[in-house]
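Just so we're aligned: 227 in the UniProt record's numbering is position 227 of the sequence shown, and the numbers increase by one with no gaps anywhere.
Ideal Cβ positions, reconstructed from N, Cα and C, are used throughout, including at glycine.
Source: prediction; values computed, not measured.
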Amino acid sequence: MLLLVAYLANIILLFLASLTDMKEKIIPHKYVIAMLIINLAVGYYYFGVDAVIAFFSTLILCLILSIGMGGGDVKIFSALAPLFAFDMVYYFPKYILILIGLSAGLAAFFPMLKILKVYWRDMIPSSCYFTMVIGILDYIIQIYNIPYATLVVWGYIILSIVLSKKVQNYRNITKTLGYLFPIYLLGMYLLDTNYFISKNVLLMSLVYLGELTLISIVIYALMGVEVSDKKRIDELKEGDILRDIIVLKNDGDVVIENASLVKRIKYLIDYEKGGKKDYKLIFTDGEGLSEDTIKLLKELNEKGKIPNELNILKTYPFVPFVFLAYLIVLAILFFKNHMWVNIL
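Spelled out as structure tokens, the structure:
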């Protein structure tokens, strides 16, 4: 019964933290501390030392992942961990791993939806074209029984999506051919009706179309198409996340790169290698801008070395997604594993 009370208390605390995060974009320490005290005490009572191990293993994991997390997110996952110490995978609570994955997936939904809304006129026709390519190649593979052809097909598809983002003419060709998608379906039906029906070509085509659109969204994001807004230097606030990488060279020059995620990771790895560098980086992670960095940006702006506006990533409150993911995890435990019957 005590464990049930702890789970319900976490629902209330996460709900309150979600409201504050949505209104003020901060995660109050009082809620996290309350969760930690309750969960460590109750977790230790039920699961012993495993609850403490769950806390520290989750904390270490989240610190490793913290390049994309804020400090509050790390604390919340760590505070919740002791209550899930009943099922461990290599010293990590299994359902905390699920919780982190669900939270990240839910949080990624809105930026991905925004990318789709902006670029659907490019994505959907191109995805229709690639769906036709897969369908035609599948048909040929079935007839001639070609081995390992699936790997080649999907390799070609992913490479083509990247090319369609980089090469304008290639993108235009795939878009134009994509409008033939209805004719392709009709042609496949007329060409081989038995194959069309037995292989569920219509349904599989729609599945491929959905998968390819999702792959396109992810690749667009990796290539630098992220949701951002222009913001004046004097309006920057602590916690804002720069879309740009600002390179401060030793000779006094300043270069601003509107870099893709891949380029940002490359810069970060190169910078963290150490050694003598002829530059310094202004680079924000999940924590966002600090007061000192904002002060430096204002000084650079006053000297005319950076423009009056910078690209700031549009972010969404993260705790509401953790709250929703927490409810989903509890539902999974209740309906699938009958956890309440076994351990309450």
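Assuming residue i and residue j are in contact, meaning their beta carbons sit under 8 Å apart, how far apart are those beta carbons, in whole angstroms?
i: T293; j: I306; result: About 12 Å separates the two Cβ atoms, so there is no contact after all.
i: M123; j: F181; result: Wrong, their Cβ atoms sit about 13 Å apart, outside the cutoff.
i: Q82; j: A51; result: In the sequence as displayed, the identity of residue 82 is Pro instead of Gln. Their Cβ separation, rounded to whole angstroms, is 4 Å, which keeps P82 and A51 in contact under 8 Å.
i: D90; j: Y220; result: Before going on, a small fix: residue 90 reads as Tyr here, not Asp. Not a contact, Cβ separation roughly 34 Å.
i: S127; j: P320; result: In fact, because the Cβ distance is near 30 Å, the residues do not count as touching under 8 Å.
i: L3; j: V42; result: 6 Å
i: I217; j: L116; result: 6 Å
i: I215; j: I134; result: Actually they do not touch by this definition, with Cβ atoms about 12 Å apart.
i: G288; j: E257; result: The pair is not a contact, with the Cβ atoms about 19 Å apart (cut-off 8 Å).
Would you call residue i buried or exposed, if buried means 16 or more other Cβ atoms sit within 10 Å of its Cβ?
i: D138; result: buried
i: L13; result: buried
i: V5; result: exposed
i: S160; result: buried
i: I312; result: buried
i: F335; result: exposed
i: T174; result: buried
i: R121; result: exposed
i: Y179; result: exposed
i: Y208; result: buried
i: Y144; result: exposed
i: I197; result: exposed
i: Y45; result: exposed
i: L176; result: The sequence shown places Thr at residue 176, rather than the Leu named in the question. Exposed.
i: D21; result: buried
i: L236; result: buried
Between the C-alpha atoms of residue i and residue j, what's the straight-line distance to the nearest angstrom?
i: S290; j: P317; result: 18 Å
i: F55; j: V247; result: 38 Å
i: I241; j: Y189; result: 51 Å
i: I11; j: R232; result: 38 Å
i: F130; j: V167; result: 16 Å
i: M1; j: F110; result: 37 Å
i: A34; j: L333; result: 23 Å
i: K298; j: I26; result: 24 Å
i: H29; j: L310; result: 30 Å
i: F92; j: S57; result: 6 Å
i: D234; j: R243; result: 17 Å
i: L185; j: V201; result: 8 Å
i: G304; j: F15; result: 45 Å
i: Y195; j: I183; result: 17 Å
i: D192; j: S205; result: 16 Å
i: N39; j: Y7; result: 9 Å
i: G187; j: I140; result: 15 Å
i: K280; j: L300; result: 14 Å
i: I245; j: V254; result: 10 Å
i: T213; j: L296; result: 41 Å
i: E24; j: K94; result: 32 Å
i: I60; j: K266; result: 23 Å
Thinking C-beta only, is residue j closer than 7 Å to residue i?
i: I96; j: V322; result: no
i: A9; j: L36; result: no
i: K314; j: D229; result: yes
i: V74; j: C62; result: yes
i: L163; j: Y170; result: yes
i: F86; j: F47; result: yes
Next on the checklist: Quick test of the definition: if touching needs 3 or more C-beta pairs under 8 Å, does the segment 311–330 touch the segment 99–106?
Outcome noted: yes
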